[in-house]
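Notes to accompany the following structure.
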Amino acid sequence: GDSVTQMEGPVTLSEEAFLTINCTYTATGYPSLFWYVQYPGEGLQLLLKATKADDKGSNKGFEATYRKETTSFHLEKGSVQVSDSAVYFCAPSFQDGQNFVFGPGTRLSVLP
Amino acid sequence: GAGVSQSPRYKVAKRGQDVALRCDPISGHVSLFWYQQALGQGPEFLTYFQNEAQLDKSGLPSDRFFAERPEGSVSTLKIQRTQQEDSAVYLCASSLDVIGSYEQYFGPGTRLTVT
Chain A
1 GDSVTQMEGP VTLSEEAFLT INCTYTATGY PSLFWYVQYP GEGLQLLLKA
51 TKADDKGSNK GFEATYRKET TSFHLEKGSV QVSDSAVYFC APSFQDGQNF
101 VFGPGTRLSV LP
Chain B
113 GAGVSQSPRY KVAKRGQDVA LRCDPISGHV SLFWYQQALG QGPEFLTYFQ
163 NEAQLDKSGL PSDRFFAERP EGSVSTLKIQ RTQQEDSAVY LCASSLDVIG
213 SYEQYFGPGT RLTVT
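If you read the protein sequences in the order shown, they are chains A and B.
Under the numbering used here, the first residue of the first sequence carries the number 1, and numbering increases by one thereafter.
Under the numbering used here, the first residue of the second sequence carries the number 113, and numbering increases by one thereafter.
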């Protein structure tokens, strides 16, 4: 069935380090792909999305590219900040109506 | 404008009690979703509505869970005879449509603790 696999955390980085959080999915079709972020004490909010192959979503310095050939949507940021400390969720939305399937989340801690 | 709101934010229930959790979606959003998020896990889908119609309830864990959205706006998730394993954060989200490319907007959640 349709599923998502996300890099396990926690991830601890120093400020200005490079970040990659891996996400791969298994699907019979072509889902839309989302990254959601949950800051401490706050609700889930959309970080970025891509709806078709080779699309790149970007926001707040984060980027992710929809790679159909590798069924991946890895999240990257060139220089993380302390304020990026949060839990990040990869969430494909499968077009057969199953809605979002969230990954387990990756907790990121950025140290000054 | 106002986002998705949920009430109460925190609920403590004794085992066996019934609880009702409320969700006010963004005005005009057609679709409404309920998720259950256990500690340290990602949200898991429970059910969704398109307007007042409950189109998928496959994620509801047992017949003790019931959701409604009678007028296509506010929704209530009811849990009867609560059990300890029901302890979790219950998230509500709304969307302009159910089609996959539309963003879901999440409320802050209701943290339910069953003692």
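Don't be surprised by glycine CBs; every beta carbon is placed ideally from N, CA and C.
Give the DSSP-derived three-state secondary structure of residue i in the structure shown.
{"i": "B/Glu197", "result": "helix"}
{"i": "A/Val82", "result": "helix"}
{"i": "A/Val110", "result": "strand"}
{"i": "B/Phe161", "result": "strand"}
{"i": "B/Gly154", "result": "coil"}
{"i": "B/Gln129", "result": "coil"}
{"i": "A/Phe89", "result": "strand"}
{"i": "A/Pro40", "result": "coil"}
{"i": "B/Ala179", "result": "strand"}
{"i": "A/Ser66", "result": "It should be noted that the sequence gives Tyr, not Ser, for residue 66 of chain A. Of the three classes helix, strand and coil, the one that applies to A/Tyr66 here is coil, per DSSP."}
With 8 Å as the threshold, decide whether the Cβ of residue i is near any Cβ in chain B.
{"i": "A/Phe62", "result": "no"}
{"i": "A/Lys49", "result": "yes"}
{"i": "A/Gly1", "result": "no"}
{"i": "A/Phe89", "result": "yes"}
So which residues on chain B does residue i lean against when the C-beta distance must stay under 9 Å?
{"i": "A/Gln45", "result": "Tyr217 and Phe218"}
{"i": "A/Phe100", "result": "Phe145, Tyr147, Pro155, Phe157, Ala205, Gly212 and Gln216"}
Should residue i be listed as close to the ligand MN, given that the test is whether its C-beta is under 7 Å from any heavy atom?
{"i": "A/Ser93", "result": "This structure does not include the ligand MN; it has no bound ligands of any sort."}
Using a cut-off of 9 Å between C-beta atoms, extract the partners of residue i located in chain A.
{"i": "B/Leu203", "result": "Gly43 and Leu44"}
{"i": "B/Gly221", "result": "Gly43 and Leu44"}
Mind pulling the chain A residues with CB within less than 8 Å of residue i?
{"i": "B/Phe153", "result": "Just to set this straight, residue 153 of chain B is Gln in the shown sequence, not Phe. Within 8 Å Cβ-Cβ: Pro104 and Gly105."}
Should residue i be flagged as near chain A, meaning a C-beta pair shorter than 8 Å?
{"i": "B/Gly184", "result": "no"}
{"i": "B/Thr227", "result": "no"}
{"i": "B/Phe157", "result": "yes"}
I'd like to confirm the pairing. Which residues does DSSP put opposite residue i in its beta bridges?
{"i": "A/Ala21", "result": "With the sequence shown as reference, residue 21 of chain A is identified as Ile, and Ala is not the correct amino acid for it. Bridge partners of A/Ile21: A/Leu75."}
{"i": "A/Leu46", "result": "A/Tyr36"}
Whose Cβ in chain B lies nearer than 8 Å to the Cβ of residue i?
{"i": "A/Phe73", "result": "Those do not exist, as A/Phe73 stays about 14 Å from chain B at its closest Cβ, beyond 8 Å."}
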